[in-house]
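Asker: The structure's right below; bear with me while I get my questions together.
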Amino acid sequence: MRVLLVGAGGVGTAVTRIAARRDFLTHMTVADYDLSRAESAVAALAEHGDRFSALRLDASDEDAVRRALLDERCDVLLNATDPRFVMPLFRAALAAGTHYLDMAMSLSSPHSTHPYERCGVKLGDEQFELAGEWERSGRLALAGMGVEPGLSDVFARYAADELFDEIEEIGVRDGADLTVEGYDFAPSFSIWTTIEECLNPPVVYEKERGWFTTAPFSEPEVFDFPEGIGPVECVNVEHEEVLLIPRWVDARRVTFKYGLGDDFIAKLKVLHELGLDSTTEVTVPSPSGPVQVSPRDVVAACLPDPATLGDRMTGKTCAGTWVKGVKDGADREVYLYHVVDNQWSMREYGSQAVVWQTAINPVIALELIAGGVWSGSGLVGPEALPPRPFLDLLTAYGSPWGLREEI
Numbered sequence: 001m002r003v004l005l006v007g008a009g010g011v012g013t014a015v016t017r018i019a020a021r022r023d024f025l026t027h028m029t030v031a032d033y034d035l036s037r038a039e040s041a042v043a044a045l046a047e048h049g050d051r052f053s054a055l056r057l058d059a060s061d062e063d064a065v066r067r068a069l070l071d072e073r074c075d076v077l078l079n080a081t082d083p084r085f086v087m088p089l090f091r092a093a094l095a096a097g098t099h100y101l102d103m104a105m106s107l108s109s110p111h112s113t114h115p116y117e118r119c120g121v122k123l124g125d126e127q128f129e130l131a132g133e134w135e136r137s138g139r140l141a142l143a144g145m146g147v148e149p150g151l152s153d154v155f156a157r158y159a160a161d162e163l164f165d166e167i168e169e170i171g172v173r174d175g176a177d178l179t180v181e182g183y184d185f186a187p188s189f190s191i192w193t194t195i196e197e198c199l200n201p202p203v204v205y206e207k208e209r210g211w212f213t214t215a216p217f218s219e220p221e222v223f224d225f226p227e228g229i230g231p232v233e234c235v236n237v238e239h240e241e242v243l244l245i246p247r248w249v250d251a252r253r254v255t256f257k258y259g260l261g262d263d264f265i266a267k268l269k270v271l272h273e274l275g276l277d278s279t280t281e282v283t284v285p286s287p288s289g290p291v292q293v294s295p296r297d298v299v300a301a302c303l304p305d306p307a308t309l310g311d312r313m314t315g316k317t318c319a320g321t322w323v324k325g326v327k328d329g330a331d332r333e334v335y336l337y338h339v340v341d342n343q344w345s346m347r348e349y350g351s352q353a354v355v356w357q358t359a360i361n362p363v364i365a366l367e368l369i370a371g372g373v374w375s376g377s378g379l380v381g382p383e384a385l386p387p388r389p390f391l392d393l394l395t396a397y398g399s400p401w402g403l404r405e406e407i
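With our numbering as the guide, the letters of the sequence shown map in order to residues 1 to 407.
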């Protein structure tokens, strides 16, 4: 399989380190707007010969991406950029006649008059508008194939297929006990994406009501995470699973809650109150004259790159899917989960836990597609495909998943 990887940040670089150990990969072209980042990722893999190469590419330039796919004779585009670039990359892969994978879907926008009650443009809506074209192309567009969304959706499908006869609720629950030495505030994942998903109105799905929204950080609950992480307060956050899971899995309710903590939430609220979460460019004076800049991009530039924090980070991160329902006439409640210890991921791969945990899942998906185990055409989420081969391969990669019975 020949892959065009667009984005050589923390997750993209982790993708290269994981994929380098797998035989299914014939060649990966690592592309980034900053050529030095792509070259650095490739240079670290010199022992793997010519299986990796670097390319400068602007993810917003749809035609340039299409040409790169054709010039590099790629079978698939793997999008490891932030969600701003989903649509040009999505359209470029369609135009080039290749498969497509991403880890976050096209952006949402709140309802103009009732943002905390009704959905406006939902996550992924722009992509689903092109679903028919993808079906006719005969190619597979696999959306939301990271850890959350991604592995969490695979867990939902597995629960529906093998663990439950009826499902009352599917709730994705994410928590960690990670700390970063020397920083009072150092997010372990892209702050641009974190602001987007945490400050937008969260979406909840109920079978009788459909999709609806609530206020940010609503419905707090304390969830006990496994492997020593312990109790963490989780709140509603906008996330793709709530938009994807109900399309393929029958459940009466679907939610996503993130363990942020009071301090993190307080900082996000201050950013919002100051307008520093905005993506609308403002004019800022500089020695060379006025420049246009997005406040959110300034915030991101002022914070440390999450990919560089691994050496200062300790603790574990947990992604998982809690499911409540009925099996063989009896109530059942389980938590399917995946935990990564930062000390382990740094030692084994040189990548911090959060970006590594995200990166392993699209690599597994690529291997399943390359082997014909996952196949089909059109736009689908991970829950549309057989879960057991994915979970077996996750364990074979040396990072097993767990299942905890709650009752």
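Just so it is clear, CB atoms sit at the ideal spot from N, CA and C, and this is done for glycine as well.
1) Give the DSSP-derived three-state secondary structure of M346 in the structure shown.
2) Look at the alpha carbon of A96 and the alpha carbon of R66, and state the distance between them as a whole number of angstroms.
3) I'd like the ranges of any alpha helix (DSSP H) spanning at least 4 consecutive residues and lying wholly in the segment 120–161.
4) Just grab the DSSP bridge partners of Y337 for me.
5) If you count every other CB in all the chains shown that lies within 10 Å of the CB of K122, and 16 or more means buried, which is it?
6) Between V76 and chain D, is there a C-beta pair that is closer than 8 Å?
7) Apart from the five residues on each side of it in sequence, which residues of its chain come closer than 7 Å, Cβ to Cβ, to L70?
8) Tell me whether A330 sits in a helix, a strand or coil according to DSSP, three-state version.
9) For T193, collect the residues of the same chain with a Cβ closer than 8 Å to its Cβ; drop the 5 residues on either side in sequence, then sort them by chain order.
10) Quick one: what does DSSP say E196 is sitting in, helix, strand or coil?
11) DSSP puts R484 in a beta bridge; with which residues?
12) Which of the three DSSP states, helix, strand or coil, is assigned to A41?
13) Considering only the alpha carbon of each residue, which of T255, C74 and I18 lies closest to P220?
14) Using the C-alpha atoms, what's the distance from C318 back to L379?
15) Tell me the rounded alpha-carbon separation between H99 and R91.
16) Count the CB pairs spanning the segment 399–406 and the segment 333–348 that are closer than 8 Å, and state whether there are at least three.
17) Using only CA atoms, which one of S288, E129 and Y158 lies nearest to P387?
18) Check whether the Cβ atoms of V6 and A64 lie closer than 8 Å to each other.
19) Evaluate contact between the segment 212–219 and the segment 231–241, counting only Cβ atoms and requiring at least three cross-stretch pairs below 8 Å.
20) Strictly by DSSP, which residues pair up with H27?
21) Report buried or exposed for A330, applying the criterion of at least 16 other Cβ atoms within 10 angstroms of its Cβ.
22) What does the alpha-carbon distance come out to for the pair P202 and P115?
23) Kindly indicate the opening and closing residues of the alpha helix (DSSP H) around C302.
24) Provide the residue span of the alpha helix (DSSP H) that contains G12, from first to last.
Answerer: To lay it out plainly:
1) Here residue 346 corresponds to residue number 346 of the sequence shown, with the count starting at 1. The answer is helix: DSSP assigns M346 an H, G or I state.
2) In the sequence shown, residue 96 corresponds to position 96, counting from 1. In the sequence shown, residue 66 corresponds to position 66, counting from 1. Each residue's Cα considered, the two are about 5 Å apart.
3) 125–128, 131–137 and 151–158
4) In the sequence shown, counting from the first residue as 1, residue 337 sits at position 337. Answer is G320 and G402.
5) Here residue 122 refers to the residue found at position 122 when the sequence shown is read from its first residue. With 16 or more other Cβ atoms within 10 Å, it is buried.
6) No chain D is present in this structure, which holds just one protein chain.
7) In the sequence shown, counting from the first residue as 1, residue 70 sits at position 70. Within the same chain, L70 has close Cβ partners A96.
8) Your numbering for residue 330 matches position 330 in the sequence shown. In the structure shown, A330 sits in a strand (DSSP, three-state: E or B).
9) One-based indexing of the sequence shown puts residue 193 at position 193. The answer, listed in chain order, is D82, P83 and A104.
10) Taking the first residue of the sequence shown as 1, we reach residue 196 at position 196. Helix.
11) One cannot answer for residue 484 here, as it falls past the ends of the chain, which runs 1 to 407.
12) Translated into positions along the sequence shown, residue 41 becomes position 41. Looking at A41 - three-state DSSP - the assignment turns out to be helix.
13) Numbered from 1 along the sequence shown, position 220 holds the residue referred to as residue 220. Comparing Cα-Cα distances from P220 to each of T255, C74 and I18, the minimum goes to T255.
14) The residue you call residue 379 lines up with position 379 of the sequence shown. The residue you call residue 318 lines up with position 318 of the sequence shown. Near 28 Å, if we compare the C-alpha coordinates of C318 and L379.
15) Mapped onto the sequence shown, residue 99 falls at position 99. Mapped onto the sequence shown, residue 91 falls at position 91. Cα to Cα, H99 sits roughly 11 Å from R91.
16) yes
17) For the purposes of this step, residue 387 is taken as residue 387 along the sequence shown, with counting starting at 1. That would be Y158, whose Cα lies nearest to the Cα of P387.
18) Position 6 of the sequence shown, counted from the first residue, corresponds to residue 6. Position 64 of the sequence shown, counted from the first residue, corresponds to residue 64. The answer is no: Cβ separation not under 8 Å.
19) yes
20) Translated into positions along the sequence shown, residue 27 becomes position 27. H27 pairs with R2.
21) By 1-based counting over the sequence shown, the position of residue 330 is 330. Classification for A330: exposed.
22) Sequence index remark: in the sequence shown, residue 202 carries index 202 (1-based). Sequence index remark: in the sequence shown, residue 115 carries index 115 (1-based). C-alpha separation (whole angstroms): 10 Å.
23) On the sequence shown, residue 302 is found 302 positions in, with the first residue counted as 1. Segment P295 to C302, the alpha helix (DSSP H) holding C302.
24) Position 12 of the sequence shown holds residue 12. Here the alpha helix (DSSP H) through G12 covers G10 to A19.
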